[in-house]
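Residue numbers (this note's numbering), protein chains in the order written: chain A, 510 to 749; chain B, 7 to 245.
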Amino acid sequence: MIEIKNVNKWFGEFQVLTDINETIERGQTVVICGPSGSGKSTLLRCINGLEPYQKGQILVDGVSLSDPKTNLYKLRENIGMVFQRFELYPHMTALQNITLAPMKVRKLSKDKARKKAMELLQRVGIPDKADSYPANLSGGQQQRVAIARSLAMEPKYMMFDEPTSALDPEMIKEVLDVMIDLAKEGMTMLCVTHEMGFAREVADEIIFMDFGKIVERGTYEGFFKNPKSERAKEFLKQIL
Amino acid sequence: MGFAYDFDWGVLWRQPYGIWLLQGLWLTIKIGFVAWIVAFFLGVLVGTLRVTPWRWLRFISTAYTEIFRNIPFLVQLFFWYYAGPMIFGESLGRQINQIVGLNFYVAILALGLYTASRVAEHMRAGFASISRDQYQAVLSTGMTQYQMYRYVIIPYALRIIIPPLTTEFLTIFKNSSVAMTIGVAELTFMSYRIDAETFHGLEATTGAMVIYLILGLTVVRAMGIIEARFKIPGMIGRE
Numbered sequence: 510m511i512e513i514k515n516v517n518k519w520f521g522e523f524q525v526l527t528d529i530n531e532t533i534e535r536g537q538t539v540v541i542c543g544p545s546g547s548g549k550s551t552l553l554r555c556i557n558g559l560e561p562y563q564k565g566q567i568l569v570d571g572v573s574l575s576d577p578k579t580n581l582y583k584l585r586e587n588i589g590m591v592f593q594r595f596e597l598y599p600h601m602t603a604l605q606n607i608t609l610a611p612m613k614v615r616k617l618s619k620d621k622a623r624k625k626a627m628e629l630l631q632r633v634g635i636p637d638k639a640d641s642y643p644a645n646l647s648g649g650q651q652q653r654v655a656i657a658r659s660l661a662m663e664p665k666y667m668m669f670d671e672p673t674s675a676l677d678p679e680m681i682k683e684v685l686d687v688m689i690d691l692a693k694e695g696m697t698m699l700c701v702t703h704e705m706g707f708a709r710e711v712a713d714e715i716i717f718m719d720f721g722k723i724v725e726r727g728t729y730e731g732f733f734k735n736p737k738s739e740r741a742k743e744f745l746k747q748i749l
Numbered sequence: 007m008g009f010a011y012d013f014d015w016g017v018l019w020r021q022p023y024g025i026w027l028l029q030g031l032w033l034t035i036k037i038g039f040v041a042w043i044v045a046f047f048l049g050v051l052v053g054t055l056r057v058t059p060w061r062w063l064r065f066i067s068t069a070y071t072e073i074f075r076n077i078p079f080l081v082q083l084f085f086w087y088y089a090g091p092m093i094f095g096e097s098l099g100r101q102i103n104q105i106v107g108l109n110f111y112v113a114i115l116a117l118g119l120y121t122a123s124r125v126a127e128h129m130r131a132g133f134a135s136i137s138r139d140q141y142q143a144v145l146s147t148g149m150t151q152y153q154m155y156r157y158v159i160i161p162y163a164l165r166i167i168i169p170p171l172t173t174e175f176l177t178i179f180k181n182s183s184v185a186m187t188i189g190v191a192e193l194t195f196m197s198y199r200i201d202a203e204t205f206h207g208l209e210a211t212t213g214a215m216v217i218y219l220i221l222g223l224t225v226v227r228a229m230g231i232i233e234a235r236f237k238i239p240g241m242i243g244r245e
């Protein structure tokens, strides 16, 4: 369970997150949407300790991120993250990208790590691309390798930061399909995305953020069909 | 056409002068290679420490870089050779001064320390060209800062900066000629020595120039092979 309690964060004078409260139960999929600069990505980075916050508390399985005794590296092993621009290691093959963390962090043998990586590549539908370098893969393929790279650590949680917004329209589906499967298998997911179809299919809750605040929350039906706030209505008009 | 100067290119082949040049070349190669190994590893280390999250390590490495790259190499060489041994106190300093071939070791050390500051700056440029999200992606898989630099960021940055590193490797051979000022009998020293003995400095210097050029081109070629071997697909070495 991820508990976010009254979190506030500033970049210098500028407040990026204001009084964020949210609880994500195991097995849930939560979709975060909102205009750019609303603090969505920053919130994700606070949850795995890539960004510090100044006030409030975030607990992952009861462990506080702001506790100086918390080992953030250890904690991140349980929280996978997928980025907008994939961020694969360009000098390594798809397989090497996936096996690196299991071998170095989990101390898996090379054979075991490879076997696992091949299973994951199978799962995301591109086992034939194991020896390809990121530059020789399409955006959709790169993003699927990135998802496999995160899954290789067998995380309890997965976070997605606009995973399809850098992709061509026809590649979006192949990535969303992988994410939908993952959600249906019971992965706990936190996704910053504006993909309505994805939200409809798997989102247990949708959070709408603006200017660092959670403006509205609801189910797919509640939020996309009947937004309450003027800001959400305006925003949905833009993206639909 | 009349020259007051009496050309004698044969001096380059006549013994012992030809051998002198080759002996000088061998010393130049030895100084360049060993100094490069020092410069490379120390430079990578210092350059990496400059971007790590630990403040005092950043301070030390930044101070190192700025001191060594802002003082002329010749002055640094003199400092290490004449003042260096005294750092260790008078009696130990005296013993150090009696080491056979001290000037050779000092030349390597000075050249390595100086060039390391330049390699460190190239490293910093390499790190800066890698996006913030790329660093975060590594950390998000549970790797530590050390693992992140060791397995992803440093190998990545090194591949980006191979072209300027080639230049540094070349420069180290050329800068090794400064070692003649503390009496190291490298290539330039030998060409002067031939001049002193034969008054055919023009031929000797030309010979040295040609040898430096061939040495340099060989290094360029070797680094080209390394660059091709380690190029990042889709980045350096676009067809």
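Where is the CB? At the ideal position from N, CA and C, for every residue including glycine.
Is it true that the CB of residue j sits closer than 8 Å to the CB of residue i?
i: Met667 (chain A); j: Leu691 (chain A); result: yes
i: Leu193 (chain B); j: Leu31 (chain B); result: yes
i: Lys613 (chain A); j: Met92 (chain B); result: no
i: Ala753 (chain A); j: Thr602 (chain A); result: Here chain A has residues from 510 to 749 only, and residue 753 (chain A) is not among them.
i: Met129 (chain B); j: Val50 (chain B); result: yes
i: Ser674 (chain A); j: Gln593 (chain A); result: yes
i: Leu574 (chain A); j: Gly558 (chain A); result: yes
i: Ala712 (chain A); j: Val591 (chain A); result: no
i: Met698 (chain A); j: Phe717 (chain A); result: no
i: Leu676 (chain A); j: Glu704 (chain A); result: no
i: Ile200 (chain B); j: Val17 (chain B); result: yes
i: Gly543 (chain A); j: Phe744 (chain A); result: yes
Measuring alpha carbon to alpha carbon, tell me which of the options ends up nearest residue i.
i: Ser316 (chain B); options: B:Leu83, B:Leu18, B:Tyr70; result: Limits of chain B in this structure are 7 at one end and 245 at the other, which puts residue 316 (chain B) out of reach.
i: Ile529 (chain A); options: A:Ser641, A:Lys549, A:Asn557, A:Lys682; result: A:Lys549
i: Arg124 (chain B); options: B:Gly95, B:Tyr87, B:Val81, B:Ile77; result: B:Ile77
i: Tyr141 (chain B); options: A:Leu597, A:Ile607, A:Ser738; result: A:Leu597
i: Glu531 (chain A); options: A:Lys583, A:Gly731, A:Leu745, A:Glu714; result: A:Glu714
i: Gln537 (chain A); options: A:Gly731, A:Ile511, A:Glu586; result: A:Ile511
i: Leu48 (chain B); options: B:Ser67, B:Thr34, B:Ile37, B:Val57; result: B:Ser67
i: Trp42 (chain B); options: B:Thr54, B:Tyr70, B:Leu119, B:Val17; result: B:Leu119
i: Trp86 (chain B); options: B:Ile217, B:Leu115, B:Ile168, B:Ala202; result: B:Leu115
i: Pro22 (chain B); options: B:Val106, B:Glu203, B:Gly107; result: B:Glu203
i: Phe179 (chain B); options: B:Leu117, B:Leu28, B:Gly107, B:Val106; result: B:Leu117
Does the beta carbon of residue i sit closer than 8 Å to a beta carbon anywhere in chain B?
i: Met590 (chain A); result: yes
i: Glu683 (chain A); result: no
i: Ser659 (chain A); result: yes
i: Val614 (chain A); result: yes
i: Glu663 (chain A); result: no
i: Pro636 (chain A); result: no
i: Asn735 (chain A); result: no
i: Leu559 (chain A); result: yes
i: Arg653 (chain A); result: no
i: Leu609 (chain A); result: yes
i: Asn517 (chain A); result: no
i: Asn645 (chain A); result: yes
i: Tyr582 (chain A); result: yes
i: Arg740 (chain A); result: no
i: Glu586 (chain A); result: yes
i: Pro599 (chain A); result: yes
Keeping to the same chain, check which residues put their C-beta closer than 8 Å to that of residue i; ignore five residues upstream and five downstream.
i: Glu245 (chain B); result: For Glu245 (chain B), the predicted structure reports a pLDDT of 48, less than 50, and the residue's modelled location is therefore unreliable. A value from the coordinates is still provided. Here the set comprises nothing.
i: Asp12 (chain B); result: none
i: Gly99 (chain B); result: Pro91, Met92, Ile93
i: Val633 (chain A); result: Arg653, Val654, Ile656, Ala657, Val687
i: Thr187 (chain B); result: Leu80, Leu83, Phe84
i: Thr147 (chain B); result: none
Any idea if residue i is buried or exposed, counting beta-carbon neighbours within 10 angstroms, 16 or more meaning buried?
i: Met215 (chain B); result: exposed
i: Tyr162 (chain B); result: buried
i: Ile173 (chain B); result: Just to set this straight, residue 173 (chain B) is Thr in the shown sequence, not Ile. Burial call: exposed.
i: Phe523 (chain A); result: exposed
i: Lys734 (chain A); result: exposed
i: Arg138 (chain B); result: exposed
i: Gly240 (chain B); result: exposed
i: Tyr218 (chain B); result: buried
Take residue i and list the residues in its own chain whose beta-carbon comes closer than 6 Å to its own, dropping the five residues that flank it on each side.
i: Ala610 (chain A); result: Met662
i: Phe110 (chain B); result: Val190
Excluding sequence positions up to five away, which residues of its chain have a Cβ less than 7 Å from the Cβ of residue i?
i: Thr527 (chain A); result: Asn517, Gly721, Lys722
i: Thr15 (chain B); result: Note that residue 15 (chain B) corresponds to Trp in the displayed sequence, not to Thr. Around Trp15 (chain B): Glu209.
i: Phe46 (chain B); result: Val125
i: Thr54 (chain B); result: Met129, Tyr155, Ile160
Would you say residue i reaches chain A, if we count a Cβ-Cβ gap shorter than 8 Å as a contact?
i: Pro170 (chain B); result: no
i: Tyr162 (chain B); result: yes
i: Glu245 (chain B); result: Low per-residue confidence applies at Glu245 (chain B): pLDDT is 48, beneath 50, and the placement is therefore not dependable, though the value from the model is reported in the following sentence. It does not; no Cβ of chain A falls within 8 Å.
i: Tyr11 (chain B); result: no
i: Pro239 (chain B); result: yes
i: Thr150 (chain B); result: yes
i: Tyr157 (chain B); result: yes
i: Asp14 (chain B); result: no
i: Gln140 (chain B); result: yes
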